[in-house]
Amino acid sequence: MMLSLNHVSGGYLTRRIIRDLTFGIHTGEIIGLVGLNGAGKSTTLRHMTGTLKPMDGEVTINNKDWYSQRDKLALIPDKPYLYPNLTVYEHFEFIKSIYRINTDNYLNALLDRYLIRSHLNKYPFALSKGTQQKVSIISAMIANPTFLIIDEPFMGLDPRGLKYFTEDLNRLKREGVGIILSTHMLTIAEDLCDRIIVLHEGNQQYYKGRSYLSTDDFKDRSLEDIFFSMIEDKR
1 MMLSLNHVSG
11 GYLTRRIIRD
21 LTFGIHTGEI
31 IGLVGLNGAG
41 KSTTLRHMTG
51 TLKPMDGEVT
61 INNKDWYSQR
71 DKLALIPDKP
81 YLYPNLTVYE
91 HFEFIKSIYR
101 INTDNYLNAL
111 LDRYLIRSHL
121 NKYPFALSKG
131 TQQKVSIISA
141 MIANPTFLII
151 DEPFMGLDPR
161 GLKYFTEDLN
171 RLKREGVGII
181 LSTHMLTIAE
191 DLCDRIIVLH
201 EGNQQYYKGR
211 SYLSTDDFKD
221 RSLEDIFFSM
231 IEDKR
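Here the sequence shown stands for residues 1 to 235, where the numbers follow the UniProt record's numbering.
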């Protein structure tokens with residue numbers, strides 16, 4: 001199964017932020033989306049989740065219209081959105097009802113893994129940014145998505161949360177989930193991702209697998225070195 005962008009251009013009102021993006025995410029792989037601030041990473045992800053409609057091109061899942069397949073997607077946004085009038089416990093119950101799932105055993109394991117159990121009766125305003133992020137992560141994982149779309153998830157996570165989250169992403173990949181991850185943390189992207197897309201000023205500059213590091217042009221160079229070389233070449 002594949003989540004695909006086919007010649008997608010789009011943005012806000014009449015302003016184009018991204019231009020002619022074409023790539024696909026297979027189940028069972030992690031793709032990294034990297035770029036400078038304003039490169040179009042979040043805009044790209046918003047087109048993939050249906051928050052924005054493409055000006056040109058289309059987003060499909062297995063060659064089917066995105067809307068008819070939207071229940072296969074889950075999102076971890078850059079800024080956690082938790083329902084302000086629901087406790088953490090009520091929030092998880094609401095997520096379970098939306099997706100019509102019974103994942104109590106899985107949820108309980110994640111509550112302990114991310115140290116959230118003691119926060120179940122709290123409202124979002126009483127949670128730290130890092131704790132809100134962990135609640136957002138758990139919410140996406142218990143939805144059992146086919147494709148997981150993640151926007152800058154590492155901000156606010158403590159070292160323990162970061163360790164467990166990266167482990168869980170690898171586990172989800174092994175279980176067949178397709179993941180696209182937007183991040184500024186190039187070292188994490190290099191370690192975690194099977195393929196890398198570099199966006200620069202809304203254009204797709206680079207779309208390669210890990211094999212790029214063993215080619216003649218990029219041999220023995222880190223993703224960070226390659227990234228800055230590419231960005232400087234476009235100035």
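Backbone N, C-alpha and C define an ideal beta-carbon position, used for all residues, glycine too.
1) Could you check what DSSP says for R16 in three-state terms: helix, strand or coil?
2) Measuring CB to CB, does S9 end up less than 9 Å from T60?
3) Pick out whichever of N105, S97 and L86 has its Cα sitting closest to the Cα of residue 247.
4) For L223, which residues of its own chain have a beta-carbon under 7 Å away from its beta-carbon, when the five flanking residues on both sides are left out?
5) Confirm, please, whether the CB-CB distance from G11 to T183 is below 9 Å.
6) So, with DSSP's three-state summary, where would you put G28?
7) Pick helix, strand or coil for L148, following the three-state DSSP scheme.
8) In the DSSP output, what is A143 paired with across the bridge?
9) Once the 5 residues before and after A143 are set aside, which same chain residues still bring their CB inside 6 Å of it?
10) Can you tell me whether E93 is buried or exposed? The criterion is at least 16 other CB atoms within 10 Å of its CB, across all chains shown.
11) By Cβ distance, which residues of its chain are closer than 6 Å to E58, with the 5 residues on each side in sequence left out?
12) Kindly list the residues whose CB is nearer than 7 Å to the CB of G161, restricted to its own chain and excluding five residues on each side of it in sequence; keep chain order.
13) In the DSSP assignment, the alpha helix (DSSP H) including G161 goes from what residue to what residue?
14) What are the boundary residues of the alpha helix (DSSP H) that includes E93?
15) For my contact list, I18 and T44 are in at a C-beta cut-off of 8 Å; report their separation, rounded to the angstrom.
16) Going by alpha carbons, who is nearest to R46 out of N62, I95, E152 and I30?
17) Just to confirm the assignment, what range does the beta strand (DSSP E) spanning D56 have?
18) Following the continuous beta strand (DSSP E) through L73, name the residue where it begins and the one where it ends.
19) Report the three-state DSSP secondary structure of L33 (helix, strand or coil).
20) In chain order, what residues of the same chain have a beta carbon less than 8 Å from the beta carbon of A154, not counting five sequence neighbours either side?
In brief:
1) Here DSSP, grouped into helix, strand and coil, assigns R16 to strand.
2) Result no, Cβ atoms of S9 and T60 do not sit closer than 9 Å.
3) Given a span of 1 to 235 for the chain in the structure shown, any question on residue 247 remains unanswerable.
4) Only L186, A189, E190 and I196 meet the Cβ criterion.
5) Not closer than 9 Å, so no.
6) DSSP places G28 in coil when its eight states are reduced to three.
7) Here L148 sits in strand by DSSP.
8) For A143, which the question treats as bridged, DSSP gives no partner whatsoever.
9) Cβ within range, chain order: A74 and Y99.
10) So E93 counts as exposed.
11) Non-local C-beta neighbours of E58 in its own chain, meaning closer than 6 Å and more than five positions away in sequence, comprise N6, ordered along the chain.
12) The beta carbon of G161 lies closer than 7 Å to those of Y114, G130 and K134 in the same chain, with the five residues before and after it left out.
13) Residues P159 to R174.
14) That run of the alpha helix (DSSP H) goes V88 to Y99.
15) At roughly 6 Å, the Cβ-Cβ gap stays under 8 Å, so I18 and T44 are in contact.
16) When each option's Cα is compared against that of R46, the closest is E152.
17) According to the DSSP assignment, D56 belongs to the beta strand (DSSP E) that extends over D56 to I61.
18) According to the DSSP assignment, L73 belongs to the beta strand (DSSP E) that extends over L73 to I76.
19) Of the three classes helix, strand and coil, the one that applies to L33 here is strand, per DSSP.
20) For the sequence presented, residue 154 should be read as Phe rather than Ala. So the list reads L162, F165, T183, M185 and I188, once near-sequence residues are dropped.
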